[in-house]
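Novice: Adding 8 to a residue's 1-based position in the sequence shown gives its number in this note's numbering. The C-beta atom is built at its ideal place from N, Cα and C for all residues, glycine as well. Sharing a structure below in C-alpha cells format, with a few things to ask.
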Amino acid sequence: KPKKHNFITQCKSDVLDVGRECEDNELVKPYQTFKFCPSCGKAQPPIERPCFVCSACAHTYFFNPTIAAVGMVLNNEGKLLFIERAQEPAKGKLAFVGGFIDAGEIAELALEREIKEEVGLKVENVEYLASFPNTYLYKSINYPVLDFFFSATCSRTKALLDPNEVAGLHWLNPKDVRIDELAFESMKRALERWTQLNPTD
C-alpha cells in the first residue's frame with residue numbers, strides 16, 4: 009500500500025510547469041469558440057481570456073477546468089494497473105484508468121465508477137494522492153482539465169474491458185514503464201511523483 013504524503017509543497021513547482029505547458033498550447037481553447045452571447049445572441053469580438061462578458065447585456069460565463077478522477081491501482085504483487093487507450097486523444101498510449109467527474113458526484117465514487125465501467129474491477133482503499141493540470145483534445149478544441157489522482161488497491165485482477173475505451177490492460181512494475189509511453193502530461197508527472205515517493209530496490 010502506498011505511503012501517505014503531503015504533496016502541497018513537493019508538487020508546487022511541477023504544477024506550475026504543467027500549467028505553463030497547458031497555457032502555451034496553440035490549439036483552440038473553449039472560450040475562443042464563443043462567437044455570440046448565449047443569453048441575448050449578440051455577436052461578440054474574439055475572447056482573449058477564460059471569462060466571457062457580453063458587451064450588450066453583461067451576461068458572464070466562466071470557463072473553468074473540467075475535473076477528472078484517475079486511479080493508480082496496485083494489485084497484490086505491487087504492480088500498477090495501466091490500460092492501452094482505444095480512442096483519441098493518445099490512442100494506443102498507456103494510461104491510468106479514470107474519467108470525468110459528473111456534476112454532483114464525489115471524486116472517489118467517480119473513480120470507482122470509471123474503473124468498473126472501463127475494466128470491470130472493484131477497487132478498495134481509495135485515497136487522495138495528488139492533482140495536476142492537463143488538457144484534453146476533443147473535436148479540435150483543447151479543454152483544460154484538472155486531474156485528481158488517487159491510490160487504490162485491487163485484489164481481483166480478472167478484468168472485463170470496455171472495447172470502446174480500452175484496447176488492452178497491463179499490470180506493470182512502475183520502474184519498467186517509460187514516461188514517454190504515457191498518454192497525458194499529468195499522468196507522466198503523477199508517475200514520476202509515485203516512483204519518487206515509493207522507491208523500489
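For residue 37 and residue 206, what's the separation of their Cα atoms in angstroms?
Specialist: Start at 1 with the first residue of the sequence shown, and residue 37 comes out as number 29. Start at 1 with the first residue of the sequence shown, and residue 206 comes out as number 198. When rounded, the distance between both Cα atoms is 36 angstroms.
Novice: Let me know the secondary structure DSSP gives residue 38 once reduced to three states.
Specialist: Taking the sequence shown and counting its residues from 1, one reaches residue 38 at position 30. Three-state result, residue 38: helix.
Novice: Identify every run of the alpha helix (DSSP H) within the region 43 to 124, keeping only runs that are complete inside it and at least 4 residues long; order them along the chain.
Specialist: None, since the region 43 to 124 contains no complete alpha helix (DSSP H) of that length.
Novice: Please state whether DSSP places residue 155 in a helix, a strand or coil.
Specialist: Walking along the sequence shown from the start, residue 155 turns up at place 147. It is a strand residue.
Novice: Output the boundary residues of the beta strand (DSSP E) element that contains residue 143.
Specialist: For the purposes of this step, residue 143 is taken as residue 135 along the sequence shown, with counting starting at 1. Counting along the chain, the beta strand (DSSP E) containing residue 143 begins and ends at 132 to 146.
Novice: Quick check on the burial criterion: 16 or more other C-beta atoms within 10 angstroms. Buried or exposed for residue 141?
Specialist: Locating residue 141 in the sequence shown gives position 133, where the first residue counts as 1. By the neighbour-count rule (16 or more Cβ atoms within 10 Å), residue 141 is buried.
Novice: Going by DSSP in three states, residue 191 sits in which element: helix, strand or coil?
Specialist: Looking up residue 191 in the sequence shown gives position 183. Here residue 191 sits in coil by DSSP.
Novice: Does the distance from the C-beta atom of residue 156 to that of residue 75 stay below 8 angstroms?
Specialist: In the sequence shown, residue 156 corresponds to position 148, counting from 1. In the sequence shown, residue 75 corresponds to position 67, counting from 1. Yes, the pair counts as a contact, with Cβ atoms nearer than the cut-off.
Novice: Would you identify the three-state DSSP class for residue 175, choosing helix, strand or coil?
Specialist: Start at 1 with the first residue of the sequence shown, and residue 175 comes out as number 167. Here residue 175 sits in strand by DSSP.
Novice: So what does residue 150 bridge to, in DSSP terms?
Specialist: Within the sequence shown, the letter at position 142 stands for residue 150. DSSP lists 145 as partners of residue 150.
Novice: Quick check: the Cα distance between residue 61 and residue 154, rounded to an integer number of angstroms?
Specialist: Within the sequence shown, residue 61 is the residue found at index 53, counting from 1. Within the sequence shown, residue 154 is the residue found at index 146, counting from 1. When rounded, the distance between both Cα atoms is 24 angstroms.
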